[in-house]
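The structure under discussion appears below in the form of structure tokens.
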Amino acid sequence: MHRTALVVAVCAVVALLASGCAASVDGQAFASATVTAGIDPGFVHGTDGGDDDRLAAAVLRDLETWWGGQFPALAGGARFTPLKGYFSVDSSRDGPGPPCTDSASDVEGNAFYCPRADIIAYDRAALLPVLRQKFGDSAVVVVLAHEFGHSVQQRLESTSRTSAGLDSGAPTILSEGQADCYAGTFLRAVHDGDLPDLRTDDRGIDGAMSALITFRDPVGTDAADDRAHGNAFDRVSSFQDGYDGGPPACAGMTLQNRSFTQQSFASLSDAQSGGNLPLPDLLKAIGTDLDRYFGGLVRQRGGQWTPPAIRENAAGCGKDAVDLCAGTPPTLAVDDRALARVHDGIGDYASGTVVASRYALAAMAALGLPTTGAQAGTTALCLAGAYTGDVGKPGSDFTLSPGDLDEAVGLLERDDSAARSTDGAAPAGGAYARIEDFRRGVGGGATRCLAG
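If you want the working numbering, it's the 1-based position in the sequence shown plus 6.
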């Protein structure tokens with residue numbers, strides 16, 4: 007069930023990486039002071055003993071150790087049985103492949119868990135070095151931890167003393183989301199120094215998460231597709247749920263408590279445009295809907311609302327692509343060239359997220375809340391997420407296209423422009439924190455953003 011989907015998805019990732027579609031993140035997972043270059047990979051079949059295999063071996067050993075301690079609590083006390091083998095493959099050379107394949111070339115640019123043979127195989131020639139170059143060593147950690155997560159699922163499914171395993175008929179997107187969640191739990195242990203061979207810092211977590219963002223399904227993939235892994239928003243959400251909630255949060259994932267935002271295109275024209283509006287059309291359409299949402303929020307909380315006027319090609323009061331400038335009415339001064347770089351480089355809802363966060367600051371001002379300082383930026387970003395979660399509900403005349411949430415994630419992965427306050431202050435923390443703040447609004451609405 008897992009292997010077919012995984013082969014397709016990771017091959018697609020390598021194609022994306024090779025084409026330069028993903029932004030590089032300076033993330034790094036590294037060995038402890040007593041093990042400076044990974045560990046001896048002699049237990050990995052086919053190893054060449056090189057640095058990539060030494061890193062992979064350290065990850066696999068720590069995964070076995072960590073899951074050995076975590077698994078019994080999920081499985082009614084049952085012990086974790088080690089996998090039957092690990093295989094390092096050089097896909098650039100002709101020859102036989104690992105179990106579940108016909109030749110080494112079948113593994114090109116790929117890593118997978120094969121439940122029939124109970125093994126993990128990976129390509130040390132066209133996958134591991136590419137991941138390390140683009141995202142840092144933590145990308146290797148998250149890929150192997152995801153595959154290991156499938157072995158955990160397999161064992162839970164066959165353990166009669168627990169109901170924590172996914173049913174064998176679970177849709178692929180749910181099983182992949184759970185594997186992303188399990189990967190998040192392991193990366194948290196790496197970050198917190200709970201493992202003998204691996205350590206990483208916040209930049210490493212951002213690097214791992216950026217790799218997952220690159221692993222997203224092509225825009226417009228139906229969530230019911232038997233190869234679906236999830237869009238960027240879904241994959242990062244699963245990863246963060248595991249990172250914050252631990253293995254029980256992952257084991258408890260079901261279709262009843264887990265929703266996925268991935269969707270197919272509703273029309274041919276939407277598919278042809280990639281769901282993207284030209285920037286002037288976006289500003290006009292979203293401006294009306296932002297006025298609806300934030301005006302309603304302010305009035306509901308007893309404030310007076312005057313919508314900010316959007317002025318294109320206007321001199322801003324700061325240095326951002328969109329500045330909220332004081333006045334009567336307040337003004338959203340748009341630097342068209344700067345915003346167009348966001349719009350054209352990532353997608354229309356990346357620029358829409360920036361605009362939404364500036365509207366959020368206007369609403370905060372109308373409610374008498376601070377609009378300066380790092381906390382104000384956090385609140386504004388959360389409120390931009392709350393607006394995003396409201397789009398498409400009754401009363402909204404603006405809709406999100408299948409790729410829009412991924413575009414918001416892409417923006418937040420790249421920079422803090424949607425998390426800055428009116429004085430330019432930005433919250434501490436990197437991409438992980440920004441995406442988490444945005445997700446808090448999407449899932450919890452404005453009440454959660456303004457609580458406390």
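By construction, the Cβ of each residue, glycine as well, lies at the ideal position given by its N, Cα and C atoms. Since the model is a prediction, treat every value here as computed from it, not as a measurement.
Under a 10 Å Cβ-count criterion, Gly75 is classified as exposed, with fewer than 16 other Cβ atoms of the shown protein chains found around its own Cβ. A distance below 8 Å between beta-carbons, with the five flanking residues on each side excluded, links Arg85 to the following residues of its chain, in chain order: Gly74, Phe77, Pro78.
Annotated three-state conformation of Arg307 is coil, per DSSP. Taking all protein chains in view, the Cβ of Asn237 is crowded by 16 or more other Cβ atoms within 10 Å, so the residue is classified as buried. Asp443 sits close to Thr384, with the two beta carbons spaced by under 9 Å. Within the same chain, Ser363, Ala366, Leu367 come within 6 Å of Ala386 by CB-CB distance, once the 5 residues on both sides are set aside. Minimum Cα-Cα distance from Lys399 among the listed residues Glu70, Ala380, Arg420, Gly451 corresponds to Gly451. Here Pro104 is near Gly52, since their CB atoms are less than 9 Å apart. Cα atoms of Gly251 and Leu406: separation of roughly 29 Å, rounded to the nearest angstrom. As the crow flies, the alpha-carbon of Ala457 is around 44 Å from that of Leu133. Of the other Cβ atoms in all chains shown, fewer than 16 fall within 10 Å of the Cβ of Ser265; this residue is therefore exposed. Along the segment 119–170, the alpha helix (DSSP H) occurs as fully enclosed runs of 4 or more residues at 134–141, 143–163, listed in sequence order.
Annotation for Thr337: no alpha helix (DSSP H) segment contains it, though the beta strand (DSSP E) segment containing it runs 337–340. Bridge pairing for Ala117: Tyr128 [DSSP]. Of the residues Ala356, Ser243, Arg305, the one whose Cα lies closest to the Cα of Pro284 is Ala356. In the three-state DSSP reduction, His51 falls in the strand class (E or B).
Between Asp186 and Asp68 a beta carbon distance of about 18 Å is seen, past the 8 Å cut, so the two are scored as non-contacting. Membership of Leu375 in any beta strand (DSSP E) is not indicated, and neither H nor E is assigned to it by DSSP. The C-beta distance from Glu419 to Gly353 rounds to 13 Å, too long to fall under 8 Å, and the pair is not in contact.
In this structure, the CA atom of Ser157 is about 8 Å from the CA atom of Cys120. Thr394 is classed as buried because its beta carbon has at least 16 other beta carbons within 10 Å across all chains shown.
For Phe404, the secondary structure class from DSSP, reduced to helix, strand or coil, is coil. If you check the CB distance, Val50 and Ser98 do not come in under 9 Å. Per DSSP, Ala315 is one residue of the beta strand (DSSP E) stretching across 315–318.
The residues Cys388, Ala392, Arg446, Gly447, in chain order, have a CB closer than 8 Å to that of Arg454 in the same chain once the five nearest residues on each side in sequence are set aside.
Within the model, the alpha-carbon separation for Pro47 versus Pro408 is close to 42 Å. Taking a 10 Å sphere around the C-beta of Leu338, we find 16 or more other C-beta atoms and assign the residue as buried. Within the DSSP bridge table, the entry for Ser94 names Tyr128 as partners. The residue among Cys323, Asp326, Gln160, Gly401 with its C-alpha nearest the C-alpha of Phe300 is Gly401. Here Thr384 carries a helix assignment [DSSP, helix/strand/coil]. Here Arg347 carries a helix assignment [DSSP, helix/strand/coil].
Annotated three-state conformation of Cys331 is strand, per DSSP.
Here the segment 204–219 makes contact with the segment 240–248; the two share three or more CB pairs at distances below 8 Å. Scanning its chain for C-beta atoms nearer than 8 Å, with the 5 sequence neighbours on each side dropped, one finds around Asp342 the residues Leu285, Glu318, Asn319, in chain order. Around the C-beta of Asp100, fewer than 16 other C-beta atoms lie within 10 Å, and the residue is accordingly described as exposed.
Gly379 places its beta carbon less than 9 Å from that of Ser427.
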